[in-house]
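**Q** Just so we're aligned, residue 548 is where the sequence shown starts under this note's numbering, counting upward by one.
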Amino acid sequence: MSGKWLIFYWYAERGSKIDKTDPTEGILLYYDEIELGDEIGPVEKVATDDEVSNFCDVWGAPTPNRFTDPGIAEKAGMKGTIVPGIMTMAMMAQLLTDWGGPGSIKDLDLVFRQPVPHNRALTLAATITDLREEDGENLVECDILMTGTEGERYVGGKAIVALPNR
């Protein structure tokens with residue numbers, strides 16, 4: 548697994564209280580409990596300066612950069628420092644992992660509509676749009692969105708999560 552994917556999964560599952568050595572541990576819900584239109588979240592998050600800096604350190608991004616230094620960000624045409632796209636993706640993956648359990652994400656396809664700023668309240672939520680069985684798996688498709696407090700639509704996309712039968 549590449550370093551970028553390792554950091555992605557580290558962030559998505561960090562703080563998890565699930566015992567990953569027990570295969571029955573972490574089943575939070577079952578496929579037959581889900582209905583079209585169900586909501587995942589919303590969850591409120593703030594990507595602080597310190598969190599972004601720590602993420603960049605673990606990720607191995609050379610610093611200073613547009614994620615950690617306001618001057619470099621402005622020279623790159625930004626209004627201020629921004630949250631790395633891979634960190635934003637990890638935050639959205641955490642929403643899905645907290646809901647579906649470890650290893651449940653099958654696909655996460657995101658569109659970054661505008662830069663995500665530091666130190667602002669972010670709302671992450673998803674809506675179930677399709678339920679299907681495919682290749683022996685119970686798949687839950689959803690629209691996922693990250694917004695700001697003033698209606699900004701920072702990141703949106705689709706995700707597929709696999710859930711077990713009861």
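Glycine included, each C-beta is placed from N, C-alpha and C at the ideal position.
#1: Note down, in chain order, each residue of its chain lying with its Cβ closer than 6 Å to the Cβ of Asp654, except the 5 sequence neighbours on either side.
#2: Is it a yes or a no for the region 665–680 touching the region 583–595, going by three-plus beta-carbon pairs under 8 Å?
#3: My output table needs one value for Phe614: the three-state DSSP class, helix, strand or coil.
#4: Relative to the C-alpha of Tyr577, which residue among Pro649, Met638, Asn685 is closest?
#5: Please report the straight-line C-alpha distance between Asp682 and Met638, rounded to a whole angstrom.
#6: In the structure shown, what three-state DSSP assignment does Thr696 receive?
#7: For the beta strand (DSSP E) holding Glu598, just list the boundary residues, first then last.
#8: Just the C-alpha distance for Leu643 and Ile652, rounded to the nearest angstrom, thanks.
#9: If you draw a straight line from the C-alpha of Asn601 to the C-alpha of Arg700, how long is it?
#10: Compare the C-alpha of Val658 against each of Leu710, Ile691, Pro617 and name the closest.
**A** Here's the rundown:
#1: Stepping through the sequence shown from its first residue, residue 654 is reached at position 107. Answer for Asp654: Ile707, listed in chain order.
#2: yes
#3: Within the sequence shown, numbered from 1, the residue matching residue 614 stands at position 67. Of the three classes helix, strand and coil, the one that applies to Phe614 here is coil, per DSSP.
#4: Along the sequence shown, read from residue 1 onward, the residue named residue 577 stands at position 30. The shortest C-alpha separation from Tyr577 is found at Asn685.
#5: Locating residue 682 in the sequence shown gives position 135, counting from the first residue. Locating residue 638 in the sequence shown gives position 91, counting from the first residue. Taking the straight line joining both Cα atoms gives about 28 Å.
#6: The sequence position of residue 696 within the sequence shown is 149, counting from 1. Thr696 falls in the coil class under three-state DSSP.
#7: Translated into the one-based positions of the sequence shown, residue 598 becomes position 51. Not the beta strand (DSSP E): Glu598 falls in the alpha helix (DSSP H), residues 596–606.
#8: Here residue 643 corresponds to residue number 96 of the sequence shown, with the count starting at 1. Here residue 652 corresponds to residue number 105 of the sequence shown, with the count starting at 1. For Leu643 and Ile652, the distance between alpha carbons rounds to 7 Å.
#9: Residue numbering aside, residue 601 sits at position 54 when the sequence shown is read from its first letter. Residue numbering aside, residue 700 sits at position 153 when the sequence shown is read from its first letter. Distance between the alpha carbons of Asn601 and Arg700 is about 25 Å.
#10: Here residue 658 refers to the residue found at position 111 of the sequence shown. Comparing Cα positions, the closest option is Ile691.
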